[in-house]
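Asker:
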Amino acid sequence: MSDYAVVAPDGNRWQWWLDADARVIRERDMAGTGTHYSYDEDGHCIAIRESETRHFLYDGRGLLIKETAPDDTLHYRYDAAGRLIRKQVVQPGYRPQVWHYRRDNRNQLRVVDTPTGER
1316 MSDYAVVAPD GNRWQWWLDA DARVIRERDM AGTGTHYSYD EDGHCIAIRE
1366 SETRHFLYDG RGLLIKETAP DDTLHYRYDA AGRLIRKQVV QPGYRPQVWH
1416 YRRDNRNQLR VVDTPTGER
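For the sequence shown, position 44 matches number 1359 in this note's numbering, and the numbering has no gaps at all.
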């Protein structure tokens, strides 16, 4: 494990630790808040733990399909080319919120439909 730091002129430090694969496994910000990262065997980040833990789930293509925290769950859907086409946020006590993403024939993002109907 290697550790690195950025030291501000006032002496405050932002520090992070890397594993043998050069992935951040731990960091401490200038306020002293610690964050821990966990990875699966394919190198995907599967959990971030700070004051609460956020978990991540990937499909067979390595695309993020679900993100879960104590107060919300996000679902992601992709087209056959692996481009994000839909994101849904579910929070207890609220209606799910959905975003749709559309691209043109040159793969440029052209339209984002928001939960409020805005584009």
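In this text, a Cβ means the ideal position worked out from N, Cα and C, and glycines have one as well.
Predicted model only: the values in this text are computed from it and were never measured.
Start and end of the beta strand (DSSP E) containing G1349?
Answerer: Taken as a continuous stretch (DSSP letters only), the beta strand (DSSP E) holding G1349 covers G1349 to Y1354.
Asker: When the distance is taken between beta carbons, is R1410 closer than 8 Å to R1401?
Answerer: Taking 8 Å as the Cβ cut-off, R1401 and R1410 do not qualify as a contacting pair.
Asker: Within a Cβ cutoff of 7 Å, which residues of the same chain sit near Y1292, ignoring the five residues on either side of it in sequence?
Answerer: Residue 1292 cannot be examined here, being either before or after the span of the chain that is shown, 1316 to 1434.
Asker: In three-state terms, what does DSSP make of A1320?
Answerer: Correct three-state label for A1320: strand.
Asker: With H, G and I counted as helix, E and B as strand and the rest as coil, what does DSSP make of Q1423?
Answerer: Q1423: coil per DSSP, three-state reduction.
Asker: Could you spell out the range, first to last residue, of the beta strand (DSSP E) harbouring T1388?
Answerer: Looking at the DSSP string, the run of the beta strand (DSSP E) that includes T1388 is D1387 to Y1393.
Asker: Assuming T1348 contacts I1363 under a Cβ cut-off of 8 Å, what Cβ separation, rounded to an integer in Å, is found between them?
Answerer: Contact flag wrong, Cβ pair sits at about 12 Å.
Asker: Give the straight-line distance between the Cα atoms of E1367 and D1386, rounded to the nearest whole angstrom.
Answerer: Their backbone Cα atoms lie some 10 Å apart in a straight line.
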